[in-house]
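The structure appears below as structure tokens.
Protein chains: 4
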Amino acid sequence: MIIVMRAGASKEQVETVINKVHSFGLRTHPIYGVTKTVIGIVGDDKTRIVEKMQSMPGVEDIIPILQPYKFAGREAHPENTVIELGGVKIGGDSVVMMAGPCAVESEAQLLDTARYVKEKGASILRGGAYKPRTSPYSFQGLGEEALKYLAKARNETGLLVITEVTDPRNVELVCRYADILQVGARNMANFVLLTEVGKSGHPVMLKRGPSSTVKDLLLAAEYVIIEGNRDIILCERGITTFETYTRNTLDLSAVPVIKNLSHLPVIVDPAHATGRTSLVEPMALAAIAAGADGVMVEVHPDPDTALCDGPQALTFGEFDSLMTKVRSIASIVGRSI
Amino acid sequence: MIIVMRAGASKEQVETVINKVHSFGLRTHPIYGVTKTVIGIVGDDKTRIVEKMQSMPGVEDIIPILQPYKFAGREAHPENTVIELGGVKIGGDSVVMMAGPCAVESEAQLLDTARYVKEKGASILRGGAYKPRTSPYSFQGLGEEALKYLAKARNETGLLVITEVTDPRNVELVCRYADILQVGARNMANFVLLTEVGKSGHPVMLKRGPSSTVKDLLLAAEYVIIEGNRDIILCERGITTFETYTRNTLDLSAVPVIKNLSHLPVIVDPAHATGRTSLVEPMALAAIAAGADGVMVEVHPDPDTALCDGPQALTFGEFDSLMTKVRSIASIVGRSI
Amino acid sequence: MIIVMRAGASKEQVETVINKVHSFGLRTHPIYGVTKTVIGIVGDDKTRIVEKMQSMPGVEDIIPILQPYKFAGREAHPENTVIELGGVKIGGDSVVMMAGPCAVESEAQLLDTARYVKEKGASILRGGAYKPRTSPYSFQGLGEEALKYLAKARNETGLLVITEVTDPRNVELVCRYADILQVGARNMANFVLLTEVGKSGHPVMLKRGPSSTVKDLLLAAEYVIIEGNRDIILCERGITTFETYTRNTLDLSAVPVIKNLSHLPVIVDPAHATGRTSLVEPMALAAIAAGADGVMVEVHPDPDTALCDGPQALTFGEFDSLMTKVRSIASIVGRSI
Amino acid sequence: MIIVMRAGASKEQVETVINKVHSFGLRTHPIYGVTKTVIGIVGDDKTRIVEKMQSMPGVEDIIPILQPYKFAGREAHPENTVIELGGVKIGGDSVVMMAGPCAVESEAQLLDTARYVKEKGASILRGGAYKPRTSPYSFQGLGEEALKYLAKARNETGLLVITEVTDPRNVELVCRYADILQVGARNMANFVLLTEVGKSGHPVMLKRGPSSTVKDLLLAAEYVIIEGNRDIILCERGITTFETYTRNTLDLSAVPVIKNLSHLPVIVDPAHATGRTSLVEPMALAAIAAGADGVMVEVHPDPDTALCDGPQALTFGEFDSLMTKVRSIASIVGRSI
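Residue numbers (my numbering), protein chains in the order written: chain A, 980 to 1316; chain B, 980 to 1316; chain C, 980 to 1316; chain D, 980 to 1316.
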């Protein structure tokens, strides 16, 4: 932690700041520059106490040195985390494909889709039972009925099931049916929910909030980890920018950035970010090329009639074509499917 | 609702689209331009069905015409909503001052602050019992203990109490102690929580999410309203931008924009947006000048020792000075305090 | 300047970095923390050399300590700069009103407007002769003809004239007619133009680029200052964000932020930021309340027929009403007009 | 063009608007909905006149239907533009690699680099002679001396030369030495410069401005095209967002979006967007996977000593490794090098 004093800070102001730091039991290393004095502090576990000093006279800035995420960061855990679940490894050598409808609409819709994506090489089935929607007038999901269909699809196909949980009161229920809990982008900073999924012990896929930096995402993961749950998958799904042609802007550079800062696996969801079917394939391929551990896509037997996000779902044929190309790109970057 | 066909769309594509619209029981008004055909649709209650048509061949864009928020918009409710509560009118002729510590830390801290801000003209006491924090290592609030102090401060001073609720399971508990429920910016799109506070019947202050447009904020209000709760206060508290000197960018133009689009009262929180004490006063004054119905500020007996957001809290003296100026500005724009 | 070494950096890596810094003739102050080593460097004039070291093995981050703007910053020039020009003081006790049409369209349009705004208390006449437009199909301005009308309006009314210069080859020409050169937001980072207006010796109003931080704006001012021209007015006119209801988001917090970081006067242009007439008055009043040294507005005898930005221009009556309120707000914050 | 009337607009207001449109010689198609009236207008060449009507009483919104770029859009020119230059085709089946130092520093530095990148498969040499820098204290380029080295490198290696032009007065000079003119991101909206490079007849690479939408980029291209110059290459190089870990956020979805909206070739510059060497390779590969027509990278014999943007330049070895992988990815998406 570094305290930067203003250019004109008086000797007394510098001393008062140093004494304050000492009062917390921390050591200081002042550096007297030509224009400014900088005070290095050893002992960053008291970061939050020192940060309060920002409004002291003469203080210009306080710069933290240690990463604020202790367990999600690569500093504390240099090797990649590989989550093993029912024979599927997430974050390992293989690229993982998560596919299925945006929302579970019926047993037939889900089972048809599940069988198809399984046959083409997906290993995880996605499907929304509880849908957080911007408008209260949109379809909100079938709830537990959808969870039952998901479990049935898993039993029949052997696919793992991932589904979103939106309510801390439902975590236990969803855990009964699903293999992986998804925390949606809108809930990335819902710390009450993060704590509950942390306690659940189930693997969690945490989607990046639309206005969250990578650092914010890692801090959200930290909320889950400190409950004892280290099986976390991070998911890039687009950030809010000024560009309006796409719904959000997919930040693919977040993939290598997260790989650099953290040991956790990274999945990319190209459909929600872009909001347009025609962009799903190029961005899915780009995600694999950028080093993602997997891709999540929406597949629907008949996108035109989908109750949720139809315009961004792939048809069966489009998914087939995507899988062929994903396999090729994966092999170029040293991954299998 | 308008469907715009692509420049090269064939006659058959236009007809297929028109027939599809008719199949929903809607009427069409095609306009054949020189370059493009545009299809006007009458009957916007089926908006979400028509939106699915975006991926049909030849369709370039689908443009909604009606505002997506039915009850939060001024179209449906032209007069300003004024919330009356214990003698205080929010959204009326007076400007409302909400003041108090970021987090309730102790009975003494809260009561001292409450007495002071009451004396200087505040009508609502703020104070966090449950604090959603970016880092799990930060102070998370005193919980029910804090709620009891808030109730005590209300009884003693006559101030109304506003406090944040973060967990749908706590809504009932918080309602027992507080007059107004606050939904924080991070939870603006937590639709589970919005539904619960909607059911509670308590007035709700809804903070704009950092990556939410004004339209998104009004849609979030709609979630509360459709549960039967129309006592909603909107709060501008800064949006996420590229500027790093301030924590967020306070979007004061949102005040007249919301006043234009909606009938609900608007409060401005200048402290969380900017993250710097020195910006609180100028932005609070600017908020009143821009037409806000009130301002929420943090006041702390000793900001340097605050357990939460110390650098942005005002001292008692600073609050006193602010109130004097707020009164003057309010009178210029035809408001009292 | 501070070099932060990675958590696992080896002793050799730290030594190599220290030796490299010494090779530039700079002194180092290493601080060995529990987790990381931090190297303080004295002598920030070689900042750009040290920054190259970012890719050296073991280096995590390099943090500059000194402000990168030497002359635009308040550190080097603690007192406010007041620009005196033809009896008008910009940045002093008075609030300065700049008013006139977006584009000069005819002699009559300009003179009518000039006379009116002068009568109501404006001291500077604005009017575009060269208009940078997003689309090449929009009106681009009358050029030198417009400059002549501006000069005529000045002679007749005594108003100072400000007009935009977009081409380095035109700077000399524009200087012949105008009192203040305006560099538009799109040209804030056009360093060739900044250098030319710097050499001109004419006062310059520099508009903040839509994706520029306050720091970027001060660095742009620095380009003008190092040519020997210190008469610079900064102008906040909105930044690019995700909000689409307004054209840009007016960042009023930039006003006190710039006042804090720099000694230069700050003007606010509420019309270009918002793109809507109805927002001009509330945001102009808010700007004065926030501490701006003046406001620039568009006034047009008949906004419906304006060749440029009609929807954001005020009518004469609206300007009159605005001036009355501006005067009142100004007096509250201790300013006159 | 569609005019949307407010919900409560009176019959008279609707008629006044319709009459106004007729007065421009345009035809109207009003659609009377249950809540709102919408007026379709045929004849979009008068768009800018109709837009002025936005402030008329009762008008809520005016929605353009035609794309504002006539020549840059795919509507007017369905086939891909392929620029042929000295045996190199840009926008055709091959992926084009542009490589070289950020700034030309010396003859030896440039020639060494040129020979190396040529040998490894690059077809275009980049190198800055005029550098637009955020700070006036940074290295600004060698100017004409650098241009001479570039020409020499071209003669010796057969590489095409691309270099940035920043000053309209220098366009002719730069054309004497370079094959392709680059307009940098900061100058994308410098319409004076766009007009000059349009007149030059030289192929132009136009970098997307950091706060520019894809639509803005196509409108900037339109400025060049209307001067008669259709040889335009578009370049995605990152947009300004709230994420601070990378310098900008590379918007790779812009690649398929531009391909969808326009016929012009698209190049990606992953280095300036990210500002970090470690991200160059993954983002370059992702760009090719997303369908880019080429990639521009910085290569320097000794990045640690580079006078400009050293931290993001590749060493010779890194470039070699990149080329091997680029070739493989290109072949997967059906492209050669």
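All C-beta atoms in this analysis are idealised placements derived from N, C-alpha and C, irrespective of residue type, glycine included.
query, result
"Distance cut-off 6 Å: leucine 1089 of chain A Cβ against heavy atoms of the ligand PLP", "The ligand PLP is absent from the structure shown, which contains no ligand whatsoever."
"Cα-Cα separation, valine 1045 of chain C to threonine 1014 of chain A", "For clarity, residue 1045 of chain C is leucine in the given sequence; the question names valine instead. Rounded to whole angstroms, leucine 1045 of chain C to threonine 1014 of chain A spans 8 Å at the Cα level."
"Contacts of methionine 1035 of chain D in chain C (Cβ-Cβ under 9 Å)", "Asp1283"
"Expected contact under 8 Å - CB spacing of glycine 1065 of chain B and lysine 1097 of chain B to nearest Å", "At roughly 13 Å, the Cβ-Cβ gap does not stay under 8 Å, so glycine 1065 of chain B and lysine 1097 of chain B are not in contact."
"Rounded separation between glutamate 1322 of chain C and phenylalanine 1050 of chain C - CA only", "A question about residue 1322 of chain C goes unanswered here, because the residues of chain C that appear run from 980 up to 1316."
"Closer than 7 Å at the beta carbon, the chain C residues around asparagine 1166 of chain D", "Asn1169"
"Span of the alpha helix (DSSP H) around arginine 1133 of chain B", "1123-1136"
"Interface partners of isoleucine 1218 of chain A on chain D, CB under 9 Å", "Thr1220, Phe1221, Glu1222 and Thr1228"
"Alpha carbon of alanine 1093 of chain B to alpha carbon of glutamate 1084 of chain B, nearest angstrom", "13 Å"
"Contacts of lysine 1304 of chain A in chain D (Cβ-Cβ under 8 Å)", "Ile1311 and Val1312"
"Valine 1000 of chain C: first and last residue of the uninterrupted alpha helix (DSSP H) it sits in", "990-1002"
"Span of the beta strand (DSSP E) around tyrosine 1011 of chain C", "1006-1011"
"Contact list for the stretch 1044-1068 of chain B against chain D, Cβ threshold 7 Å", "Ile1044, Leu1045 and Glu1054"
"Short CB-CB distance (under 7 Å) between threonine 997 of chain C and chain A", "Before going on, a small fix: residue 997 of chain C reads as isoleucine here, not threonine. Judged by the 7 Å Cβ criterion, isoleucine 997 of chain C is not in contact with chain A."
"Beta carbon of proline 1189 of chain C nearer than 7 Å to that of isoleucine 1218 of chain C", "yes"
"Positions along the stretch 1183-1206 of chain B whose CB lies within less than 7 Å of some CB in chain A", "Pro1189, Ser1190, Asp1195, Leu1198, Glu1201, Tyr1202 and Ile1205"
"Residue-level contact to chain D via CB, glycine 1270 of chain A, 7 Å cutoff", "yes"
"Residue interval of the alpha helix (DSSP H) (run including aspartate 1299 of chain C)", "1295-1311"
"Beta-bridge pairing of glutamine 1161 of chain A - partner residues as DSSP gives them", "A:Glu1143 and A:Met1184"
"Secondary structure of serine 1034 of chain A, DSSP reduced to three states", "helix"
"Glutamate 1135 of chain B burial status per 10 Å Cβ neighbour count (16 or more: buried)", "exposed"
"Span separating the alpha-carbon of glutamate 1175 of chain D from that of leucine 1185 of chain D", "13 Å"
"Where arginine 985 of chain D meets chain C, residues with beta-carbon distance less than 8 Å", "Ordered by position in chain C, no residue passes the 8 Å Cβ test against arginine 985 of chain D, which lies about 13 Å from the chain."
"Segment contact, 8 Å Cβ cut-off, at least three pairs: the stretch 1249-1263 of chain A with the stretch 1242-1260 of chain D", "no"
"Asparagine 1227 of chain D to glycine 1079 of chain D span [Cα, whole Å]", "21 Å"
"Proximal residues, the stretch 998-1020 of chain D versus chain C, C-beta separation under 7 Å", "none"
"Integer Cβ distance of alanine 1108 of chain C from alanine 1125 of chain C, believed to fall under 8 Å", "4 Å"
"Partner residues on chain B for proline 1080 of chain A, Cβ-Cβ distance less than 9 Å", "Here the premise fails: no neighbours, minimum Cβ distance about 14 Å."
"Proximal residues to cysteine 1154 of chain D (C-beta, below 6 Å), its chain only, five neighbours per side dropped", "Ser1179 and His1181"
"Chain F residues whose Cβ lies nearer than 8 Å to that of methionine 1262 of chain C", "In the structure shown, chain F cannot be found, because the protein chains are A, B, C and D."
"Endpoints, beta strand (DSSP E) assigned at methionine 1077 of chain D", "1075-1079"
"Proximity below 7 Å, CB of glycine 1270 of chain D to CB of valine 1236 of chain D", "no"
"Minimum Cβ-Cβ distance from isoleucine 982 of chain C to chain A less than 7 Å", "no"
"Which residues DSSP lists as bridging isoleucine 1041 of chain A, in chain order", "A:Ile982"
"Proximal chain C residues relative to leucine 1258 of chain B, where beta-carbon distance stays under 8 Å", "Ser1232, Pro1235 and Val1236"
"Neighbour-count burial assignment, alanine 1087 of chain B, 16 or more Cβ in a 10 Å radius", "exposed"
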